[in-house]
Amino acid sequence: MMHSPKYSRVIGTGSYLPAKVLTNFDLEKIVETSHDWIVSRSGIHERHIAADDELTSDLALQASLRAIEAAGIGASDIDLIIVATTSPDQIFPSTACILQDKLGIKNRCAAFDMQAVCGGFVYAMNTADLYIRGGQAKTALVVGAEVLSRILDWNDRTTCVLFGDGAGAVVLQASETPGIVASKLHADGRHRGMLKAEGSIRNGEVQGDPFVKMDGQAVFKFAVKVLSEVVEEVLEENHLQGSDINWLVPHQANIRIMEATAKKLGLSMDNVIVTVAHHGNTSAASIPLALDVAVRDGRIKAGQNILLEAVGGGFTWGAVLIKW
Numbered sequence: 000m001m002h003s004p005k006y007s008r009v010i011g012t013g014s015y016l017p018a019k020v021l022t023n024f025d026l027e028k029i030v031e032t033s034h035d036w037i038v039s040r041s042g043i044h045e046r047h048i049a050a051d052d053e054l055t056s057d058l059a060l061q062a063s064l065r066a067i068e069a070a071g072i073g074a075s076d077i078d079l080i081i082v083a084t085t086s087p088d089q090i091f092p093s094t095a096c097i098l099q100d101k102l103g104i105k106n107r108c109a110a111f112d113m114q115a116v117c118g119g120f121v122y123a124m125n126t127a128d129l130y131i132r133g134g135q136a137k138t139a140l141v142v143g144a145e146v147l148s149r150i151l152d153w154n155d156r157t158t159c160v161l162f163g164d165g166a167g168a169v170v171l172q173a174s175e176t177p178g179i180v181a182s183k184l185h186a187d188g189r190h191r192g193m194l195k196a197e198g199s200i201r202n203g204e205v206q207g208d209p210f211v212k213m214d215g216q217a218v219f220k221f222a223v224k225v226l227s228e229v230v231e232e233v234l235e236e237n238h239l240q241g242s243d244i245n246w247l248v249p250h251q252a253n254i255r256i257m258e259a260t261a262k263k264l265g266l267s268m269d270n271v272i273v274t275v276a277h278h279g280n281t282s283a284a285s286i287p288l289a290l291d292v293a294v295r296d297g298r299i300k301a302g303q304n305i306l307l308e309a310v311g312g313g314f315t316w317g318a319v320l321i322k323w
């Protein structure tokens, strides 16, 4: 019988942003908005937009290669692939299966997508952790990758200014020493109307509105409430306080949501990893993108307590506590 390890540890991170940068000043020429208005409400200055021939799997591939290199492993060592995305390459097969092929992994490991929108990466991390601790995988590739720009209505100034494209990846490996310490996931489908993209394919035609629609104020209130609740839930269960967290790595939706959440937890913004100014809201990619930035610039160090948290349409939300 395969020995089940106690933990899964992050052994490598990677990220990728498309070359094209769309600034707020560029957006002023497309839709009725202004740089100052966008910054004051979201903290976003610019975002990256995938090239016409760039697919979600292409972004995921670049982020994955960097994470695999950082981990010091070979792609063939990976025995589980989970891709969190709400903008897959196609209806099926999954972006994870496409990524497996692009990475040249021929070991027939499990590969699947996870759809929890902006909550997708914390859902995927928790799932991979359970696979590893249950003895079903030893080395997992967990990716958040999005080309949300393709489901934006560029005439809707309430949404098109917020989102960007990108990908982030982590390699998790079985370990006897603490890594992922705790995870909590939640969902409440009663609020599914607040943030949605309703389009579906029927008889070869798009049915309904395929573009992102959002009730901004309602989303803001809900997000601040549930994010602080789930973080407090994780902290209490592990006998920790906000002051024990070295770095909060939140979903990069909006600077005001991050500030309000940090305030509720008694955390200084100096302890929050913020990339929203240059990335925008990249949905499932935002946490691994921010995580990779902070790992590579040396802010995140061994032995620190790192807390990931996200909320997304559905609504889905969750938090993952990691001993780095």
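Numbering that gives the first Met the number 0 puts the first residue of the sequence shown at 0, with every later residue one more than the last.
By construction, the Cβ of each residue, glycine as well, lies at the ideal position given by its N, Cα and C atoms.
- Counting the other CB atoms within 10 Å of its CB gives Thr315 a total of 16 or more, which places it among the buried residues.
- Under the Cβ criterion (8 Å, minimum of three pairs), the region 273-290 counts as touching the region 153-164.
- Ile104 and Ala139 have their C-alpha atoms roughly 13 Å apart.
- The count of Cβ pairs closer than 8 Å, one atom from the region 0-18 and one from the region 166-178, reaches three, so the stretches are in contact.
- Rounded to whole angstroms, the gap between the alpha carbons of Ile48 and Arg295 is 23 Å.
- In the structure shown, the three-state DSSP call for Phe221 is helix.
- Comparing alpha carbon positions, the residue from Phe210, His185, Thr55 and Asp25 closest to Gly143 is Thr55.
- Contact between Phe111 and Ala95 holds: their C-beta atoms lie close to 5 Å from each other, under 8 Å.
- Residue range Asp164 to Ser174 is occupied by the beta strand (DSSP E) that includes Gln172, with no alpha helix (DSSP H) assigned at that position.
- Here the C-alpha atom of Pro209 lies approximately 11 Å from the C-alpha atom of Leu147.
- Of Val211, His185 and Glu204, the smallest CA-CA separation from Glu197 is found for Val211.
- Runs of the alpha helix (DSSP H) spanning 4 or more residues and lying entirely within the region 191-266 occur at 215-236 and 254-263, in chain order.
- Residue range Thr94 to Lys101 is occupied by the alpha helix (DSSP H) that includes Thr94.
- Within the model, the alpha-carbon separation for Val229 versus Lys263 is close to 12 Å.
- When the beta-carbon positions are compared, Val82 and Glu45 stay at least 8 Å from each other.
- Between Leu247 and Leu266 the beta-carbon gap is near 6 Å, inside 8 Å, which marks them as a contact.
- Distance from the CA atom of Arg298 to the CA atom of Trp36, rounded to whole angstroms, is 31 Å.
- Less than 8 Å divides the Cβ of Leu58 from the Cβ of Tyr15.
- With a minimum length of 3 residues, the unbroken runs of beta strand (DSSP E) contained wholly in the region 128-166 fall at 138-146.
- Counting along the chain, Ala186 sits inside the beta strand (DSSP E) bounded by residues Ile179 to Ala186.
- Under a 10 Å Cβ-count criterion, Ser63 is classified as buried, with 16 or more other Cβ atoms of the shown protein chains found around its own Cβ.
- Straight-line spacing of the CA atoms in Ser227 and Gly203 works out to 43 Å.
- Annotation for Ile67: Ala74 place their beta carbon closer than 6 Å to its own, counting only its chain and skipping 5 residues before and after.
- Under the DSSP assignment, Glu45 falls in the beta strand (DSSP E) whose first and last residues are Glu45 to Ile48.
- Short of 6 Å from the beta carbon of Val233, and not among the five residues preceding or following it, lie these beta carbons of its own chain, in chain order: Ala181, Lys183, Ala318 and Leu320.
- Assignment of Arg107 by DSSP, reduced to helix, strand and coil, places it in the coil class.
- DSSP places Ala318 in the uninterrupted beta strand (DSSP E) bounded by Thr315 to Lys322.
- Beta-bridge partners of Val20 (DSSP): His47.
- Residue pairing by DSSP places Glu31 opposite no residue, since no beta bridge is assigned to it.
- Judged by their CB atoms, Leu290 and Gly118 are not nearer to each other than the 8 Å cut-off.
- Less than 8 Å separates the beta-carbon of Arg156 from that of Glu31.
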